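Asks: So the sequence shown is residues -23 to -1, 1 to 88, counted in mature numbering (1 follows the signal peptide of the UniProt record, and there is no 0).
Backbone N, C-alpha and C define an ideal beta-carbon position, used for all residues, glycine too.
These numbers come from a predicted model, not from an experiment.
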Amino acid sequence: MTKALAVLAAVAFGLSLSMSAGAADKTLAEIHGSAWPKSVNGYVVKEQCKACHGDYSKLAKMTENLDPNPHHSHLGDVNCTDCHKPDQEKPQLVCNQCHKFTIREKKAAAK
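1) List the whole-angstrom C-beta distance separating L26 from C57, where the pair is believed to meet the contact cut-off of C-beta under 8 Å.
2) Is the number of C-beta pairs between the region 13 to 21 and the region 70 to 87 that are closer than 8 Å three or more?
3) What does the Cβ neighbour count give for G10, buried or exposed, with the cut at 16 atoms within 10 Å?
4) From the DSSP output, read off the bridge partner residues of D44.
5) Helix or strand or just coil, what does DSSP make of V55?
6) Residues bridged to Y20 by DSSP?
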């Protein structure tokens, strides 16, 4: 029950579910449950994702502590499903088709 409340709180506050405690070891389909967007011609399109999760500038702000920031791309607004698959627990970076990135949290600046 606590995990479900954490997920609902993350949604209510517009937080990235992939960064919430409720997302551990769950696929996107499991996290979204009945709220999973209905497909358009067999696909979920980024406009459906952005309706709840916000646009890329909002997502980039939420993931600014990651290096490189997966939501701040020279490719622009890629389709969310290029990285986020409904049956996978972790995103597969479309960036790595050309690059060899490992996403890490940025270290806090020394004072």
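Replies: On the basis of the data shown:
1) In the sequence as displayed, the identity of residue 26 is Cys instead of Leu. Yes, they are in contact, since the Cβ atoms of C26 and C57 sit about 4 Å apart, within 8 Å.
2) These segments do not touch.
3) G10 comes out exposed.
4) Answer is R81, bridged to D44.
5) If DSSP states are grouped into helix, strand and coil, V55 belongs with coil.
6) The partner list for Y20 (beta bridge, DSSP) reads V17.
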